[in-house]
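Residue numbers (full-length UniProt numbering): 1 to 288. Even glycine gets a Cβ: it sits at the ideal position worked out from N, Cα and C. Because the structure is a prediction, the values reported are computed rather than measured. Okay, so here's the structure we're looking at.
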Amino acid sequence: MERETSRTTDEPPEQQPDFGLFGPQSVTWRVHADPMMLPAGLRALLLQALHPLAMAGVAEHSRYREDPWGRLLRTAQYVGAVTYGSTAQAEAALARVRAVHLRVRGTDPDTGAGYRADDPELLTWVHCCETDSFLRVTRAGGLRLTAAEADRYVAEQRETAWRLGVPRTAPLPATVDELDDYFDRIRPELRAGPAAREAARFAVLPPMPLWVALATPARPAWTGIMALGVASLPRWARRLYGLPGWPVADLGARVATRSLRTSLLVLPAALREGPHLKEARARLAAHG
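What follows is the structure, given as structure tokens:
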């Protein structure tokens, strides 16, 4: 994928900053810097759980029950490294995920179907859930993107999927319409089985130290953010989970998402930006 950066063509290569896989002119930098990425990520996890084979892999190989906050932190670090890290940082993060995928394989206990995390079809499913969730939740919160920029984001995100193992010849969605078509095609394969419902319940009420739950606003804050992630799911996905799929719920989710984003944008950048984004901004500032 051809990437745009702020590099100048007359600079010696050794003086050119390494902006990694995307660069400061990419739509990816804008989307992934948005404060709504947390509820967007939770939406992606709930969506991913609806694929029986993807959920079987999580249920049998993930330690999300024992270490939910560590898993969340590692996921955030991965997204930050791949988005804003140098090429070496991004490749290291991708290599760690590929190594994990090699070990994740087994049989779905409900259907008897075999699965492996490095299967290009499962990689495509996970990729599309993340791309769709990151784009839709940030835009619903008020991130201003033109239709062309939204399509460009979908096209940019293919780079990560390719580097994780999806063949470059595979029909990965390159526009928002193609992303919608993908979900339309795969919907007959999806269901909210017992493992998916258990994961969703765990996500809504994860364990917290007693003093955190009682003496801080962490529990109600998490519940509110998680509720946004649930409410922002497509209507068909909410129905699979046995939740209301009414259009009015979409309006309520949009209003709540915009309100949360507005309140988070008031916070200083030092509090809401991750370390990889801060490092990338420093490289950009040093570059002039």
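Endpoints, beta strand (DSSP E) assigned at residue i
i    : result
R191 : Per DSSP, R191 belongs to no beta strand (DSSP E) and is neither H nor E.
Residue closest to residue i, alpha-carbon to alpha-carbon, out of the options
i    : options                : result
G229 : G23, D119, Q25, A44    : A44
G193 : R30, Y241, L271        : Y241
L233 : A92, G112, G41         : G41
Q77  : L284, L277, R187       : L277
A33  : A196, R139, G112       : R139
A117 : A99, D132, D110, T111  : A99
Q89  : P207, E178, F19, R219  : F19
L21  : T262, P68, S86, I186   : S86
L123 : P207, V137, L271, R168 : R168
R163 : T262, R65, H101        : H101
P68  : R158, V255, S133, L205 : L205
A141 : P188, G165, L264, A93  : It should be noted that the sequence gives Gly, not Ala, for residue 141. It is L264 whose Cα lies nearest to the Cα of G141.
E178 : R63, T131, T111, E66   : T131
V126 : H51, G80, L145         : H51
Opening and closing residue of the alpha helix (DSSP H) in which residue i lies
i    : result
L267 : Per DSSP, L267 belongs to no alpha helix (DSSP H) and is neither H nor E.
H51  : Counting along the chain, H51 falls outside any alpha helix (DSSP H), and DSSP gives it neither H nor E.
L214 : 210–215
Secondary structure of residue i, DSSP reduced to three states
i    : result
L45  : helix
L205 : coil
S62  : coil
S232 : coil
S26  : coil
A280 : helix
E121 : helix
A286 : helix
A218 : helix
A40  : helix
G224 : helix
L21  : coil
L243 : coil
P275 : helix
A256 : helix
A33  : coil
E2   : At E2, the pLDDT of 41 sits below 50, so the modelled position is not reliable; the number obtained from the coordinates is stated separately. It is coil, neither helix nor strand.
Q16  : coil
Any non-hydrogen atom of the ligand ATP closer than 7 Å to residue i Cβ
i    : result
A148 : Of the ligands one can find in the structure shown there are none, so the ligand ATP has no counterpart to examine.
Runs of 4 residues minimum, wholly inside the segment 68–117: which ones carry the alpha helix (DSSP H) assignment?
68–84, 87–103
Could I get the ranges of all uninterrupted alpha helix (DSSP H) runs contained in the segment 131–202, with 4 residues as the minimum, in chain order?
147–164, 176–186
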